[in-house]
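Notes follow once the structure below has been shown.
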Amino acid sequence: MTRTSYTDLYGREIPPAAWVDRTMVLTPETRYINVEGGQSVRFIVGDKAFAWHFIVARTVDAFDLKEVAPAGLLDHTVMAYVSPDPKYLSVP
C-alpha cells in the first residue's frame, strides 16, 4: 500500500468546541506557531475554527498546518513547530 498522507503522524482533529490547552488566532501574517507535544489547540481563522491534538510521532518536529486544517481554511503556509511532550522526557 502506498501512503498518500502522513497526517496521522501529526496527531488528530478534535471538535473546535472541545476543551483545549490553548487558543491561537491565525492571521494572514502568521507564518509559524510553537506548540508542545500533547497539547490541544483551537485555531481561530477569521470567523471559522478548527482544533488539533498534537500527538506527534517522535520523528516529527514540524509540519504545515495546511495539511491538517479543513480544506480551504488556510491560504498560506503556517508551520507548526512541535517541541517534545514533557511527560515523555526522561530526567537524567
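Each residue of the sequence shown is one higher than the one before, starting from 339 at the first, in the numbering used here.
Where is the CB? At the ideal position from N, CA and C, for every residue including glycine.
Taking all protein chains in view, the Cβ of V363 is surrounded by fewer than 16 other Cβ atoms within 10 Å, so the residue is classified as exposed. The three-state reading of DSSP puts E367 in coil, since its state is none of H, G, I, E or B. With a cutoff of 9 Å on beta-carbon distance, V406 and E351 are scored as near each other. Put simply, of V373, A387, P424 and D346 the residue whose alpha carbon is nearest the alpha carbon of P353 is A387. The three-state reading of DSSP puts Y419 in strand, counting E and B together. In this structure, the CA atom of Y419 is about 13 Å from the CA atom of R396. By the beta-carbon neighbour count (other beta carbons within 10 angstroms, threshold 16), A400 is exposed. Secondary structure of T397 (DSSP, three-state): coil. With fewer than 16 other Cβ atoms inside 10 Å of its own Cβ, W357 counts as exposed.
In this structure, S378 and D402 do not form a Cβ contact; the two beta carbons are roughly 19 Å apart against a cut-off of 8 Å.
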